[in-house]
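Encoded as structure tokens, the structure appears first; notes follow it.
Numbering (the working numbering), first residue to last: 27 to 92.
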């Protein structure tokens with residue numbers, strides 16, 4: 027249910043807000059990967075979650091463009 031709420035929130039946003047969210051998610055993913063490489067990351071499952079969120083954002087952007 028939490029995922030459905032997140033997707034609904036994404037669909038309610040404008041294209042510029044979605045692009046901003048995408049940039050923020052990609053920055054977060056970069057930081058998580060960097061922390062993982064330096065053995066500072068405690069919750070490695072967060073990487074998978076952020077990757078899926080990026081895919082969700084891209085999907086909503088594509089749906090709005092179509």
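All C-beta atoms in this analysis are idealised placements derived from N, C-alpha and C, irrespective of residue type, glycine included.
The closest CA to that of residue 73, considering only 42, 62 and 48, is found on 62. Membership of residue 64 in any alpha helix (DSSP H) is not indicated, and neither H nor E is assigned to it by DSSP. Ranked by Cα distance from residue 51, the options 79, 60 and 64 are led by 79.
Residue environment: residue 49 is assigned as exposed (fewer than 16 neighbouring CB atoms within 10 Å of its CB, all protein chains considered). The C-beta of residue 83 has 16 or more other C-beta atoms within 10 Å across all chains shown, which makes the residue buried.
Counting the other CB atoms within 10 Å of its CB gives residue 34 a total below 16, which places it among the exposed residues. Within its own chain, the residues whose Cβ lies closer than 7 Å to the Cβ of residue 37, once the five positions on either side in sequence are excluded, are 86, listed in chain order.
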